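A.B. asks: Residue numbers (full-length UniProt numbering): 1 to 100. A virtual CB, placed ideally from N, CA and C, is assigned to each residue, including glycine. On a predicted model such as this, the values are computed, not experimentally measured, just so you know. Sharing a structure with you now.
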């Protein structure tokens, strides 16, 4: 189980708002309900699941702004792939909260 933090940055949108693109990205993620968990944050999206599938999803999400007519997209990803014990978004939050 891995966690990917992804930020898709559409370039050349003509407006500072990118919520239209974020919404389209989340429509793609909805197609993977039951296969991955995902969480929208104010600055990025977190996706949890099998790393191979997550990387396929990352590629699909990167393509969304191109499909909407843009010519340039920058995508930042971070991967947390822990293999010594279960790695979930909830578990990571619980670990920190237990120490507060």
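(1) Between which two residues does the alpha helix (DSSP H) containing residue 56 stretch?
(2) So, using beta-carbon positions, are residue 11 and residue 47 closer together than 8 Å?
(3) How about residue 77 and residue 6: do their beta carbons lie closer than 8 Å?
(4) Rounded to the nearest angstrom, what separates residue 91 and residue 97 at their Cα positions?
(5) Kindly list the residues whose CB is nearer than 7 Å to the CB of residue 88, restricted to its own chain and excluding five residues on each side of it in sequence; keep chain order.
(6) Tell me whether residue 35 sits in a helix, a strand or coil according to DSSP, three-state version.
(7) CB residue 28 to CB residue 60, shorter than 8 Å?
(8) What residues are listed by DSSP as bridge partners for residue 6?
C.D. replies: So, from the listed chains and residues:
(1) 51 to 67
(2) no
(3) Yes. Within cutoff.
(4) 10 Å
(5) 1 and 48
(6) coil
(7) Between residue 28 and residue 60, the CB-CB gap stays under 8 Å.
(8) Residue 6 pairs with 45 and 77.
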